[in-house]
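Chemist:
Numbering (the numbering used here), first residue to last: 446 to 510.
1. Taking the alpha carbon of residue 447 as the reference point, which residue from 501, 472, 490 and 485 has its own alpha carbon closest?
2. Can you give the Cα-Cα distance for residue 505 and residue 476, rounded to whole angstroms?
3. Can you give me the C-alpha to C-alpha distance between residue 485 and residue 478, rounded to a whole angstrom?
4. For the alpha helix (DSSP H) that contains residue 486, what are its first and last residues?
5. Assuming residue 468 is part of the alpha helix (DSSP H), what are its boundary residues?
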């Protein structure tokens with residue numbers, strides 16, 4: 446997707462040039478940097494629901510056994 450926007454970065458028109466650079470920055474941040482951050486740091490807003498679901502599953506298993 447970035448490859449399709451890349452030629453517009455070298456456009457002589459200033460608006461196309463600036464907007465394509467902004468789009469490339471935003472897309473690379475959302476595709477590469479943000480997932481790497483979430484994978485590496487494991488912030489609480491992502492993992493709290495997984496642990497809550499796991500504890501509920503354990504509790505449900507305790508009641509059935």
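Heads up, the beta-carbon is just placed ideally off N, CA and C, and yes, glycines get one too. For clarity, every value in this text was computed on a predicted model and none was experimentally measured.
Modeler: In short:
1. Translated into positions along the chain shown, residue 447 becomes position 2. For residue 447, the nearest C-alpha among the options comes from 472.
2. Along the chain shown, read from residue 1 onward, the residue named residue 505 stands at position 60. Along the chain shown, read from residue 1 onward, the residue named residue 476 stands at position 31. The alpha-carbon atoms of residue 505 and residue 476 are separated by roughly 37 Å.
3. The residue given as residue 485 occupies position 40 in the chain shown. The residue given as residue 478 occupies position 33 in the chain shown. A direct Cα-to-Cα measurement between residue 485 and residue 478 gives close to 11 Å.
4. The residue you call residue 486 lines up with position 41 of the chain shown. Looking at the DSSP string, the run of the alpha helix (DSSP H) that includes residue 486 is 479-486.
5. Numbered from 1 along the chain shown, position 23 holds the residue referred to as residue 468. Element bounds for residue 468: 459-473.
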